[in-house]
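Here is the structure we will look at, set down as structure tokens.
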Amino acid sequence: MLSFDRITQRPGVMGGKACIRGLRVTVGTIVAKIGAGRTFEDLLADYPYLERDDLLAPLRGVAR
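Right, dumping it as structure tokens:
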């Protein structure tokens with residue numbers, strides 16, 4: 004069973020898009036940047052308030 008405890012979706016945050024831990028970083032943004040070749044290290048430098056597990060959470064659903 005998948006757990007999406009790091010992915011939240013609230014109407015008042017980013018127009019209701021799925022976000023990482025309620026922050027203003029959408030799942031779509033993370034997936035797109037990884038798809039464009041950005042590394043986890045790049046993303047963690049760009050978004051220092053994110054953790055490695057935050058980046059893995061959206062990919063766990065895609066990989067199944």
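For the sequence shown, the positions run 4 to 67 when the working numbering is used.
Ideal Cβ positions, reconstructed from N, Cα and C, are used throughout, including at glycine.
Given 8 Å, three or more beta-carbon pairs between the region 51-59 and the region 21-30: Taking a cut-off of 8 Å on C-beta distances, the region 51-59 touches the region 21-30, as three or more cross pairs fall below it.
Continuous alpha helix (DSSP H) stretch holding Val34: start and end: Here the alpha helix (DSSP H) through Val34 covers Val30 to Gly38.
Euclidean distance between Cα positions of Gly31 and Asp45: Roughly 16 Å separates the two Cα atoms.
Cβ distance (whole Å) where Leu58 is taken to contact Phe43 below 8 Å: Right, the Cβ-Cβ distance comes to about 5 Å (below 8 Å), so this counts as a contact.
The alpha helix (DSSP H) enclosing Phe43, as first and last residue numbers: Membership of Phe43 in the alpha helix (DSSP H) is indicated by the continuous run Phe43 to Asp49.
Check whether Thr29 and Lys20 have beta carbons under 7 Å apart: Between Thr29 and Lys20, the C-beta gap is smaller than 7 Å, which places the two residues in contact.
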